[in-house]
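Our numbering runs 56 ahead of the 1-based position in the sequence shown.
Ideal placement from N, C-alpha and C gives every residue a C-beta, glycine not left out.
Presented below is the structure to which this report refers.
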Amino acid sequence: MKILRWACGVTSLNIVRNEYIRGSFNVASIAAKVRESHLSWYGHIKRREADYVFTTVLNPPNPIGRRDRPLATWWNNIKRVMDHDNHTTQNKVLRQMYRETRP
């Protein structure tokens, strides 16, 4: 972000929001890029065979009697991203959505 501000000629004395600077350079936010890579990897895993090792790793048994905070797993992050962006688990939709998110 600092290099973009420098390229624009914006100093810390100027009050300009980062979103405006990113938009003027057509640069995607880091959160969008992370979301894109998560969904890309999810689509890659969903296209694998059902007996693939990683497919069994994705669905671990739920620990019974766990009283503290639920574990933050990769699968929970994917579900959260898909719920946030209103996506379905169909492969065709995922591929199309992945292509649309690329700037």
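Since residue i contacts residue j with CB under 8 Å, what's their CB separation in whole angstroms?
i      : j      : result
ASN133 : HIS100 : So it is not a contact: roughly 15 Å between Cβ atoms.
LEU114 : TRP131 : 6 Å
THR112 : ARG104 : 11 Å between Cβ atoms; not a contact.
So, is residue i buried or exposed, given that buried needs 16 or more other C-beta atoms within 10 angstroms?
i      : result
ARG155 : exposed
PRO108 : One point to set straight first is that residue 108 is Tyr, not Pro, in the sequence displayed. Exposed is the call here.
What does a CB cutoff of less than 8 Å around residue i pick up in its chain, not counting 5 residues either side in sequence?
i     : result
VAL66 : VAL72, ILE77
Could you pull out every residue in the same chain whose Cβ sits closer than 6 Å to the Cβ of residue i, ignoring the five residues on either side in sequence?
i     : result
PHE81 : LEU60
Using a Cβ-Cβ cutoff of less than 7 Å, which residues in the same chain neighbour residue i once the five nearest sequence positions on both sides are dropped?
i     : result
MET57 : ASN74
For the candidate residues the options, whose alpha-carbon lies nearest to that of residue i?
i      : options                       : result
ARG136 : PHE110, ARG104, ARG91, VAL113 : ARG91
ARG141 : ALA88, TRP62, VAL83, LEU127   : Correcting the residue type first, residue 141 is Asp in the shown sequence and not Arg. With distances taken between Cα atoms, ASP141 lies closest to ALA88.
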